[in-house]
Amino acid sequence: MQRRSGAPQLWNQQRQLRFVHQRVQNLLCDVVEILNELGLINRPGNSCAWIFGVSSEQIV
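Residue numbering for the sequence shown follows the numbering used here, starting at 73 and increasing by one per position.
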């Protein structure tokens, strides 16, 4: 019984963590885009793909 009651809490924590991860990823993408526009870095194409080392198709 105790194990069962802990499962929804764990699921909720995982859901919250995914949400926070997505928000942090979006924030970092915005920062890189701003730095790129200011000319402080020079990254053509998708800034998110560069910062996370993935192809632009994988960025949601």
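Even glycine gets a Cβ: it sits at the ideal position worked out from N, Cα and C. Keep in mind that this is a model prediction, so the values were computed, not measured.
| Item | Value |
| --- | --- |
| Beta-carbon proximity of residue 104 to residue 123, cut-off 8 Å | yes |
| Where residue 113 sits in the DSSP three-state scheme | coil |
| Cβ neighbours of residue 113 in the same chain (closer than 6 Å, five flanking residues each side left out) | 107 |
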